[in-house]
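Novice: The structure that follows is given in the form of structure tokens.
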Amino acid sequence: MAEISDSGGGGHKKGGKKRAKKNSTKVDMTPMVDLAFLLLTFFVLTSTFSKPKVMSLVYPAKPDDTEKIDETQRINNAITFLVSQDKIFYYEGEFYAPGNAKGKPTTVLLETTFGPQGVRKLLTEKNKLVLGEKAKLDARLANKEIKQEEYEKLLNKAKADKYALKVLIKTDTKATCKNFIDLVDELKINSIGVVAPVDLMQSELNLMEAKTK
Amino acid sequence: MGKISMPKGAPSIDMTPMVDLAFLLVTFFMLSANFRENEPVTVATPSSISDKEVPQKHLIMVTVSQDGLVYFNATGNKTREVLLNNMCAKYKVALTKEQQEEFLKMSSVGTPMKGLSKYLSMNSQERSKLKWGIPTDSTQGPNELRDWINFAHAASLKEGQADYEDASSKTTDKLEVNDYKPKFVLKVDGKAEYARAKVVIEVFRDLNINNLNFVTSLEQKPTIKA
Numbered sequence: 481m482a483e484i485s486d487s488g489g490g491g492h493k494k495g496g497k498k499r500a501k502k503n504s505t506k507v508d509m510t511p512m513v514d515l516a517f518l519l520l521t522f523f524v525l526t527s528t529f530s531k532p533k534v535m536s537l538v539y540p541a542k543p544d545d546t547e548k549i550d551e552t553q554r555i556n557n558a559i560t561f562l563v564s565q566d567k568i569f570y571y572e573g574e575f576y577a578p579g580n581a582k583g584k585p586t587t588v589l590l591e592t593t594f595g596p597q598g599v600r601k602l603l604t605e606k607n608k609l610v611l612g613e614k615a616k617l618d619a620r621l622a623n624k625e626i627k628q629e630e631y632e633k634l635l636n637k638a639k640a641d642k643y644a645l646k647v648l649i650k651t652d653t654k655a656t657c658k659n660f661i662d663l664v665d666e667l668k669i670n671s672i673g674v675v676a677p678v679d680l681m682q683s684e685l686n687l688m689e690a691k692t693k
Numbered sequence: 014m015g016k017i018s019m020p021k022g023a024p025s026i027d028m029t030p031m032v033d034l035a036f037l038l039v040t041f042f043m044l045s046a047n048f049r050e051n052e053p054v055t056v057a058t059p060s061s062i063s064d065k066e067v068p069q070k071h072l073i074m075v076t077v078s079q080d081g082l083v084y085f086n087a088t089g090n091k092t093r094e095v096l097l098n099n100m101c102a103k104y105k106v107a108l109t110k111e112q113q114e115e116f117l118k119m120s121s122v123g124t125p126m127k128g129l130s131k132y133l134s135m136n137s138q139e140r141s142k143l144k145w146g147i148p149t150d151s152t153q154g155p156n157e158l159r160d161w162i163n164f165a166h167a168a169s170l171k172e173g174q175a176d177y178e179d180a181s182s183k184t185t186d187k188l189e190v191n192d193y194k195p196k197f198v199l200k201v202d203g204k205a206e207y208a209r210a211k212v213v214i215e216v217f218r219d220l221n222i223n224n225l226n227f228v229t230s231l232e233q234k235p236t237i238k239a
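Quick note, the sequences are listed as chains A and B, same order.
Sequential numbering from 481 applies to the first sequence in the numbering used here.
Sequential numbering from 14 applies to the second sequence in the numbering used here.
This is the structure:
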């Protein structure tokens, strides 16, 4: 292959017959191989295998101007997360501002963390209903009792259940996108169907600021 | 004593299998490689468990960089052409032929309309040094991002419709219409303030676009025990 052919073939021997010079049919492949490996190295180094993914999030439609928004959104079995820079607070159910008209005690904000021990554990606890439903469906899918499409349909139905946990996300001006996406990701991990990023109320901001101090 | 006979001539190895393998690998990497588009800004996206891939076609993407600057990108040549014409007509910007061609070739743009002509005459290195971004504040002049999205949406819908009809005529299979509708993708830097991203999200929501996709990198899915 890549050797230097030094035995060129039959020369002119004395008295011998005149023979055509036997040229070696071998081609020196070294430059080609060099090039091939160069290209190989280039492509190996430049190619990226992990394509970016997308996480879809459906925002609630903007209410018409004619519709009045209630300050205290009446949502049953809801949990509200308040996100600040690398800090996260939550409360359950309705929000009662200090000195509210209904005379209810002021809502107490509880602090948690972004890690698996914080938000994830909390949500797993709260969303047992849907997760239990999902585990059953997973088992049925594994046993091939139901098809993938049916599985997804039933799972979505379970997620939209009246008693399933609903989550509101409110962010202040200091929160980073990573905080927000990390939280949404935790919600997805815990199969929470209804997620609504909404605006922060002033009274909530005050409470949160008092907590962060 | 027997003599060790040395082989005559140069020692040679048959390289053919190695070359075969090398070329096989070259071919594989060449075909599997997808080149990163030359974006004017590098964005470190947060990670999530979602394994949905970024759609390649009929994509309308808004990037929010770490400094909170906003960039816009839309795919599809026809879409970009119509989009550029509409934007230039609305903001009364005149572009040369070269600048228009440059716009069709490039990916994300991050410039106010009045600087578009200058922006398109630069090379990508000069562009990445700029800190311009698309204006999103409607208190200081028009909300240009809104127009970018709005025009791109209309143009992309049209192109998607044409693509759908074109693809349907070639096959007897039933095609999913939703695959040809524009997808709205938001690429945010993890360190960017959420308030900046929220401004962009509000622009989308104002236009009645509520289904947004966040670009994320993949992370391991944890197991949840109920």
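Note that the Cβ used here is the ideal one computed from N, Cα and C, for glycine as well.
As the structure is a prediction and not an experimental result, all values here were calculated from the model.
1. Just the Cα atoms here: how many angstroms apart are B:N98 and A:E625?
2. Assuming A:I649 contacts A:F561 (C-beta within less than 8 Å), just tell me the rounded distance between them.
3. Who pairs with A:Y570 in a beta bridge, going by DSSP?
4. Between A:G490 and chain B, is the shortest Cβ-Cβ distance under 9 Å, so that the two count as touching?
5. Cβ of B:S121 less than 9 Å from any chain A Cβ?
6. At what residue ranges does the segment 595–664 of chain A contain a whole run of the beta strand (DSSP E), taking only runs of 3 or more?
7. Please state whether DSSP places B:E206 in a helix, a strand or coil.
8. Compare the Cα-Cα distances from A:S536 to each of B:K65, B:Q69, B:L72 and report the closest residue.
9. Got a sec? Which residues, its chain only, sit under 6 Å from A:V599 by beta carbon, not counting five neighbours each side?
10. Less than 9 Å between the C-beta atoms of A:A606 and A:L634, yes or no?
11. Buried or exposed for A:D566, please, with buried defined as at least 16 other CB atoms from any protein chain shown within 10 angstroms of its CB.
12. Using the three-state DSSP reduction, which class does A:A676 fall into: helix, strand or coil?
13. Which class does A:S671 belong to by DSSP, given the choice of helix, strand or coil?
14. Give every residue of the same chain whose Cβ lies closer than 8 Å to the Cβ of B:A57, excluding the five residues on either side of it in the sequence, and list them in chain order.
15. Hey, quick one: how far does the beta strand (DSSP E) through B:N224 stretch, first residue to last?
16. So, using beta-carbon positions, are A:V534 and B:T76 closer together than 9 Å?
17. Examine the ligand ADP and report whether any of its heavy atoms sits within less than 8 Å of the Cβ of B:Y84.
18. Run through chain B and tell me which residues come within less than 7 Å of A:T656, C-beta to C-beta.
19. Pairs of beta-carbons, one from the segment 169–188 of chain B and one from the segment 38–54 of chain B, closer than 8 Å: are there three or more?
20. Using a C-beta to C-beta distance shorter than 7 Å, which residues of chain B count as neighbours of A:F660?
21. Report yes or no: is there a C-beta of chain B within less than 9 Å of the C-beta of A:K668?
22. Name the two residues that bound the continuous alpha helix (DSSP H) containing B:K183.
23. Under 9 Å between the Cβ atoms of B:A165 and B:F42?
24. Taking the straight line between their C-alpha atoms, what separation do you get for B:L143 and B:T55?
25. Output the distance between the C-alpha atoms of A:E551 and A:T604, rounded to the nearest integer angstrom.
26. Compute the Euclidean distance between the alpha carbons of A:K548 and B:A167, then round it to the nearest angstrom.
27. Using a beta-carbon distance below 9 Å, is B:S151 in contact with chain A?
28. If you measure between the beta carbons of A:K608 and A:A638, is that distance less than 9 Å?
29. Could you check whether the Cβ of A:P540 sits closer than 9 Å to any Cβ belonging to chain B?
30. Rounded to the nearest angstrom, how far is the Cβ of A:K654 from that of A:S564, given a contact under 8 Å?
31. Please report the distance separating the alpha-carbon of A:T586 from that of B:M74.
32. In the DSSP output, which residue or residues are listed as bridge partners for B:V75?
33. Identify the contact partners of A:A516 in chain B, using a Cβ-Cβ distance below 9 Å as the criterion.
34. Name the residues in the segment 216–229 of chain B whose C-beta lies less than 9 Å from a C-beta of chain A; which are they?
35. List the residues of chain A that B:E189 touches, going by C-beta distances under 7 Å, in chain order.
36. Helix, strand or coil: which one does DSSP assign to B:V56?
Specialist: Based on what the coordinates show:
1. Taking the straight line from one Cα to the other gives about 55 Å.
2. 5 Å
3. A:F561, A:L590
4. Legend: pLDDT at A:G490 = 45, less than 50; position of this residue unreliable, value from coordinates given subsequently. Output row for A:G490: interface = no.
5. With 9 Å as the cut-off, B:S121 does not count as an interface residue toward chain A.
6. Runs found: 646–651.
7. strand
8. It is B:K65.
9. T592, E666
10. Checking the displayed sequence, the identity of residue 606 of chain A turns out to be Lys instead of Ala. Contact: no.
11. Exposed, since its Cβ has fewer than 16 Cβ neighbours within 10 Å.
12. strand
13. coil
14. Q79, D202, G203, K204
15. 224–231
16. no
17. Ligands in the displayed structure: none, and consequently the ligand ADP is not present.
18. G203, K204, A205, E206, Y207
19. no
20. Y207
21. yes
22. 157–183
23. Not closer than 9 Å, so no.
24. 13 Å
25. Low confidence applies here, because A:E551 scores a pLDDT of 42, under 50, leaving its location unreliable; read the following figure in that light. If you take the alpha carbons of A:E551 and A:T604, they lie about 28 Å apart.
26. With a pLDDT of 49 at A:K548, under the threshold of 50, the modelled position of that residue is not reliable, and no figure is offered here.
27. no
28. no
29. yes
30. 5 Å
31. Near 42 Å, if we compare the C-alpha coordinates of B:M74 and A:T586.
32. B:F85, B:L199
33. V32, A35, F36, L38, V39, listed in chain order.
34. Going along the segment 216–229 of chain B in chain order, one finds F217, R218, D219, N221, I222, N223, N224, L225, N226, F227, V228, T229 with a Cβ nearer than 9 Å to chain A.
35. By Cβ distance, chain A contributes nothing, its closest Cβ being about 14 Å from B:E189, past 7 Å.
36. coil
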